[in-house]
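Respectively, the protein sequence lines represent chains E and Y.
Following the working numbering, the numbering of the first sequence begins with 132 at its first residue and continues without gaps.
Following the working numbering, the numbering of the second sequence begins with 62 at its first residue and continues without gaps.
Note that beta-carbon positions come from the ideal geometry of N, C-alpha and C, so glycine has one too.
Written out below as structure tokens is the structure these notes cover.
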Amino acid sequence: MATFRQQVEATIPALRRYARALTRNADLADDLVQDTLVRALRSEHLFHGGEVRSWLYTILTNLNRNRLRSLSRRPVLSPIGENDAADQAGPEAGQRDIERALATLVEDQRNALLLVVLEGLSYREVAEVQGVPIGTVMSRLARARVQIKAYLDGERPALRRVK
Amino acid sequence: MTTRNSPVTEDELHAYVDGELPSDRREAVAAWLADHPDEAALVAAWRAQAESIRARYGAIAQEPVPQRLKLDQVMHNDSASRRSWMALAAAAAIAAFIVGGAAGWMAHGASAAAPTSLGNITADALEAHQLYVVEVRHPVEVPGNERTHMTKWLSKRLGYEQRVPDLDGIGLKLVGGRLLPGPTGAAAFYMYESGSGERFTLYCSKLSAPETALRFESGQRFATFTWVDDDVGYVVSGPNGRDRLEQVTKRIYEQVDHLGRKKS
Chain E
132 MATFRQQVEA TIPALRRYAR ALTRNADLAD DLVQDTLVRA LRSEHLFHGG EVRSWLYTIL
192 TNLNRNRLRS LSRRPVLSPI GENDAADQAG PEAGQRDIER ALATLVEDQR NALLLVVLEG
252 LSYREVAEVQ GVPIGTVMSR LARARVQIKA YLDGERPALR RVK
Chain Y
62 MTTRNSPVTE DELHAYVDGE LPSDRREAVA AWLADHPDEA ALVAAWRAQA ESIRARYGAI
122 AQEPVPQRLK LDQVMHNDSA SRRSWMALAA AAAIAAFIVG GAAGWMAHGA SAAAPTSLGN
182 ITADALEAHQ LYVVEVRHPV EVPGNERTHM TKWLSKRLGY EQRVPDLDGI GLKLVGGRLL
242 PGPTGAAAFY MYESGSGERF TLYCSKLSAP ETALRFESGQ RFATFTWVDD DVGYVVSGPN
302 GRDRLEQVTK RIYEQVDHLG RKKS
């Protein structure tokens with residue numbers, strides 16, 4: 132059986148992916164992963180069985196929530212260009228659409244959707260990460276999907292027309 | 062209990078897309094969708110969303126893990142920041158962390174915003190460092206030979222007693238200090254210089270964040286040590302080179318310990 136540390140190590144690439152989708156910024160994402168790893172390693176003795184992977188997602192999700200709260204207190208400047216380049220055609224434009232659609236979601240809904248479709252966690256694992264019943268996870272997922280569909284179907288073209 | 066032919070709910074459609082249905086039910090839903098084009102379109106749209114998300118972010122997990130996220134490196138940085146001379150602050154940080162970590166695991170939210178407020182203050186300090194260390198004629202507002210006056214002035218502006226660390230013992234003379242904007246008000250900024258011209262700066266400001274251990278960050282040209290002690294955030298910046306910066310930080314740390322408790 133893999134040791135605690137090996138299991139943590141094996142999860143790092145996936146944590147980077149999840150963090151990037153949450154933050155939309157490579158440096159912030161890796162900061163978040165680093166803070167997650169520090170916490171995990173320091174609290175190895177607090178970890179009593181269960182899934183190391185879900186536990187790491189839990190830490191990262193909570194740290195990101197703290198980050199968002201403190202951002203709402205203090206705005207930060209983000210570079211123009213990385214996420215907000217002018218509309219262009221091609222596959223990259225589609226990728227930005229999904230990025231923007233995700234950004235319109237309520238945080239808990241975005242977390243739930245990303246954990247399921249990007250990270251491949253089961254509903255039960257997401258319920259554990261978010262500390263809510265499975266029914267709540269499913270309603271978050273459902274609302275996230277409705278919102279994204281509405282954004283991709285309608286709201287974006289409407290905004291374009293206004294321009 | 063659901064049977065093969067019971068009606069399909071919206072929850073089941075989500076579970077179908079996410080591979081959460083038992084196999085017999087999966088077949089039943091697939092058959093049902095063949096007769097329900099509207100719902101089939103919805104399912105297709107959800108699948109397309111998931112595909113776009115994976116197309117956008119999936120490759121990141123294939124990238125090589127950056128050096129600073131390798132576990133050995135993470136542990137090295139973490140333990141280096143908790144050497145014996147940091148025992149006191151480290152113990153406090155661990156205590157705060159255990160409470161925060163346990164709460165996080167219980168999904169009741171982890172402790173306050175340590176990583177980000179630390180990141181912000183580090184960025185502010187580094188910006189000031191880069192801006193002022195290149196100044197030849199006006200690197201500071203108050204020169205180092207007016208230490209008493211400067212201490213009084215900055216104590217008043219920052220709302221707690223300043224003690225300007227003395228680094229003569231490691232060959233660094235106080236150039237002086239200045240007042241800067243900080244995360245929650247005023248920040249004090251002190252500059253030191255060696256005989257050979259290398260400059261180090263200390264940036265400190267009130268910061269309502271839990272106590273932390275030292276955090277080392279290095280960039281192309283500069284490196285920093287950041288920590289929080291008694292509601293004061295400290296950032297020591299200098300040329301990129303860990304050993305020397307650690308020596309400077311140690312001297313400063315010993316002299317500013319618990320200053321945040323003393324009101325000016």
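Enclosing beta strand (DSSP E) for residue i [first to last residue]
i	result
Y/A284	283-290
Y/G238	233-242
Y/K267	260-267
Y/A248	247-255
Y/R276	276-279
E/V248	Counting along the chain, E/V248 falls outside any beta strand (DSSP E), and DSSP gives it neither H nor E.
Y/V201	Unbroken run through Y/V201: none, as it is neither H nor E.
E/V169	First-last for E/V169: 157-173, but that is the alpha helix (DSSP H), not the beta strand (DSSP E).
CA nearest to the CA of residue i, picked from the options
i	options	result
Y/L240	Y/D229, Y/E254, Y/L219	Y/L219
E/L199	E/W186, E/R148, E/L153, E/L172	E/L153
E/V263	E/L236, E/A275, E/K280, E/A243	E/A243
Y/P68	Y/D79, Y/R87, Y/G80	Y/R87
Y/G180	E/N156, E/D162, E/E140, E/Q137	E/D162
E/D284	E/I229, E/V183, E/W186, E/Q138	E/I229
Y/L130	E/V268, E/N156, E/E140	E/E140
Y/Q281	Y/Q191, Y/V236, Y/E222	Y/Q191
Y/R303	Y/Y295, Y/D318, Y/E254, Y/T285	Y/T285
Y/G246	Y/S255, Y/G205, Y/G258, Y/Y221	Y/Y221
E/A234	E/R155, E/T142, E/Q137, E/Q138	E/R155
Y/W107	Y/V78, Y/F250, Y/I231	Y/V78
Y/P125	E/R227, E/Y188, E/T142	E/T142
E/K280	Y/A101, Y/Q110, Y/R260, Y/A76	Y/Q110
Y/Y264	Y/S279, Y/A76, Y/T287	Y/T287
Residue j beta carbon less than 8 Å from that of residue i
i	j	result
Y/N301	Y/F277	no
Y/A122	E/P144	yes
Y/T273	Y/V293	no
E/R147	E/V169	no
Y/S298	Y/I182	no
Y/M252	Y/V201	yes
E/R151	E/A160	yes
E/F135	E/E175	yes
E/Y282	E/I265	no
Y/P244	Y/D185	yes
Y/L74	Y/V104	yes
E/L191	E/Y149	yes
Range of the contiguous alpha helix (DSSP H) that encloses residue i
i	result
Y/A76	71-78
E/V257	254-261
E/G266	265-281
Y/Y314	303-317
Y/P98	98-118
E/V139	135-154
Any C-beta of chain A under 8 Å from that of residue i
i	result
E/L187	Structure shown: chain A not included; protein chains present are E and Y.
Contact test: residue i Cβ vs the ligand NAD heavy atom, cutoff 7 Å
i	result
E/S253	The model on display carries no ligand, and the ligand NAD is accordingly not part of it.
- [ ] Name, going along the chain, the residues of the segment 185-215 of chain Y whose beta-carbon falls closer than 8 Å to a beta-carbon of chain E.
- [x] The residues in question: there are none.
Open item on the list: Using a Cβ-Cβ cutoff of 7 Å, what residues of the segment 142-156 of chain E are near chain Y? List them in chain order.
Closed with: Within the segment 142-156 of chain E, the qualifying residues are I143, P144, A145, R147, R148, R151, A152.
Task: the segment 222-247 of chain E: positions lying closer than 9 Å to chain Y by Cβ - done: If the cut-off is 9 Å between Cβ atoms, the segment 222-247 of chain E has P222, G225, Q226, R227, D228, I229, E230, A232, L233, L244, L245, V247 near chain Y.
Task: Touch test, the segment 236-250 of chain Y against the segment 205-221 of chain Y, Cβ-Cβ under 8 Å, three pairs minimum - done: Three or more Cβ pairs closer than 8 Å define a contact, and the segment 236-250 of chain Y meets that threshold against the segment 205-221 of chain Y.
TODO: Please determine if the segment 227-245 of chain E and the segment 267-281 of chain E are in contact, where contact requires at least 3 C-beta pairs separated by less than 8 Å.
DONE: With three or more CB-CB distances shorter than 8 Å, the segment 227-245 of chain E counts as touching the segment 267-281 of chain E.
Open item on the list: If contact is defined by three or more beta carbon pairs under 8 Å, each pair taking one atom from either stretch, is the segment 220-239 of chain Y in contact with the segment 306-316 of chain Y?
Closed with: A contact exists between the segment 306-316 of chain Y and the segment 220-239 of chain Y.
Task: Within 7 Å of chain E by C-beta, residues of the segment 92-107 of chain Y in sequence order - done: Listed by position along the chain: A106, W107.
Task: Validate contact between the segment 114-131 of chain Y and the segment 247-264 of chain E using beta carbons, cut 8 Å, 3 pairs - done: Yes, the segment 114-131 of chain Y is in contact with the segment 247-264 of chain E.
Open item on the list: Residues of the segment 225-252 of chain Y in Cβ contact with chain E at a cutoff of 8 Å, in chain order, please.
Closed with: Sequence-ordered contacts of the segment 225-252 of chain Y with chain E read P244 [C-beta pairs closer than 8 Å].
- [ ] Could you please tell me which residues of the segment 110-126 of chain Y, in chain order, have their CB closer than 8 Å to any CB of chain E?
- [x] Residues of the segment 110-126 of chain Y whose Cβ lies closer than 8 Å to any Cβ of chain E, in chain order: Q110, A111, S113, I114, R115, A116, R117, Y118, G119, I121, A122, Q123, E124, V126.
Task: Chain-ordered residues of the segment 249-277 of chain Y with a beta carbon less than 8 Å from chain E - done: Listed in sequence order: no entries.
TODO: Return the residues of the segment 269-280 of chain E that lie within a Cβ-Cβ distance of less than 7 Å from chain Y, sorted by chain order.
DONE: If the cut-off is 7 Å between Cβ atoms, the segment 269-280 of chain E has M269, L272, A273, R276, I279, K280 near chain Y.
Open item on the list: So if I threshold CB-CB distances at 7 Å, which residues from the segment 160-175 of chain E count as touching chain Y?
Closed with: When C-beta distances to chain Y are compared with 7 Å, the residues of the segment 160-175 of chain E below that value are D161, D162, V164, Q165, D166, L168, V169, R170, L172, R173, S174, in chain order.
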